[in-house]
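Heads up: the structure comes next, in structure tokens.
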Amino acid sequence: MKDLVNKKEIWTIKEVLMWTVEYLKRKGCETPRLDAELLLAHALGIKRLGLYLDFDRPLTDAERLQYREFVRRRSLREPVALITGKKEFWSLDITIRPGVLIPRPETEILVEVVLDEFRTLHNCSILEVGCGSGAVICAICREKPDIEVYACDISFNALHNTLSNTSDKGLPDRVHLFGSDLLDSVRKGPVFDIIYSNPPYIPSGLICSLAPEIFKFEPNCALDGGPDGLETIRRLIQMSRDRLKPEGRLILEIGDEQSEPVREIFELNDFSQIQTYTDLSGKIRVVKAVL
Numbered sequence: 410m411k412d413l414v415n416k417k418e419i420w421t422i423k424e425v426l427m428w429t430v431e432y433l434k435r436k437g438c439e440t441p442r443l444d445a446e447l448l449l450a451h452a453l454g455i456k457r458l459g460l461y462l463d464f465d466r467p468l469t470d471a472e473r474l475q476y477r478e479f480v481r482r483r484s485l486r487e488p489v490a491l492i493t494g495k496k497e498f499w500s501l502d503i504t505i506r507p508g509v510l511i512p513r514p515e516t517e518i519l520v521e522v523v524l525d526e527f528r529t530l531h532n533c534s535i536l537e538v539g540c541g542s543g544a545v546i547c548a549i550c551r552e553k554p555d556i557e558v559y560a561c562d563i564s565f566n567a568l569h570n571t572l573s574n575t576s577d578k579g580l581p582d583r584v585h586l587f588g589s590d591l592l593d594s595v596r597k598g599p600v601f602d603i604i605y606s607n608p609p610y611i612p613s614g615l616i617c618s619l620a621p622e623i624f625k626f627e628p629n630c631a632l633d634g635g636p637d638g639l640e641t642i643r644r645l646i647q648m649s650r651d652r653l654k655p656e657g658r659l660i661l662e663i664g665d666e667q668s669e670p671v672r673e674i675f676e677l678n679d680f681s682q683i684q685t686y687t688d689l690s691g692k693i694r695v696v697k698a699v700l
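Positions 410 to 700 (our numbering) are the ones given, in order, by the sequence shown.
Written out as structure tokens, the structure is:
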């Protein structure tokens, strides 16, 4: 790391990127080129494309020192999203604060499935359980400017992060936030047409085997699905049965190889028309069922 400061007085954008990519590779980062570009663009206050338009520009001492600190943090496996404070999701810049789950590309499948329901449902009531950063809400509201969404989370950090993102995107009047442990704060009765969630679904015993970026820096409560990974999903399906309208939809993101046990839980709770949806890698990522 000291080479970035002491090796020579002048470093161009190209030279800094080349050095950083090799350094992050040695530190075990899976996407060293992307990480280096995102961090440098953030340090310089420009878009990633701007790096390639000005490859030979030297960095100032202040820029180099700022970038060095970002690279140091990334070398300790801190996620880029926490260093830069933002993450792209559904072509939106989502603000990310410590203590919330960083949105993944595969969760865009959840957005697609929810949006598809509006082809047949109109003027429907919608609830997101576990809003996290607010990425999914922002994506859905951008695509459907005529809807309002209710959203809850047990975490104050998550609610604050969601409020920040919905406010930044002009959505606070369309998103109604409240604190709740799953559906504990939602009265029983036929209230919602759609309930959707990206719940914790990782088995407790596997948390420590996840990449350091996840198990060291992301909230355990958003990851840990209990001994079999299905504890939260089981509770949510049971509770949703008492809050959905007839023909209401429950849409869940799930983990690898969980589709069959989740299907069984749905069936035990009187849901039908169960459908699964795969992500770009071909893994079943989302399950939808109708009450």
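Yeah, the Cβ is synthetic: ideal placement off N, Cα and C, and Gly gets one too. In this text, all values refer to a predicted model and were calculated from it rather than measured experimentally.
With a contact defined as Cβ atoms closer than 8 Å, LEU448 and VAL489 qualify at about 6 Å. Relative to the Cα of ARG506, the nearest Cα in the group LEU586, VAL558, GLU627, LEU485 belongs to GLU627. Less than 7 Å divides the Cβ of PHE675 from the Cβ of ILE683.
When the Cα atoms are used, ALA548 and GLN475 turn out to be separated by approximately 32 Å.
Contact check for VAL695 against ARG658 fails: the beta carbons are separated by 7 Å or more. A distance of 7 Å or more separates the beta carbons of VAL509 and ILE535. A contact is defined here as three or more CB-CB pairs under 8 Å, and the stretch 586-594 meets this definition with respect to the stretch 550-570. The residues LEU639, in chain order, have a CB closer than 7 Å to that of PRO670 in the same chain once the five nearest residues on each side in sequence are set aside. Across the set ARG442, LEU485, PRO609, LYS697, the C-alpha of PRO609 shows the shortest separation from the C-alpha of ASP633. In this structure, DSSP gives VAL595 a state outside helix and strand, which the three-state scheme calls coil.
Of the residues assessed, ILE419 falls on the exposed side of the cut-off, its CB having fewer than 16 other CB atoms within 10 angstroms. C-alpha of VAL425 to C-alpha of ILE693: approximately 40 Å in a straight line. Note on the stretch 601-631: whole beta strand (DSSP E) runs with a minimum of 3 residues are 601-606, in chain order. Beta-bridge analysis with DSSP links LEU659 to ILE604, ALA698. According to the DSSP assignment, GLN475 belongs to the alpha helix (DSSP H) that extends over 470-484. With contacts defined by Cβ atoms closer than 7 Å, GLU552 and LEU591 do not form a contacting pair.
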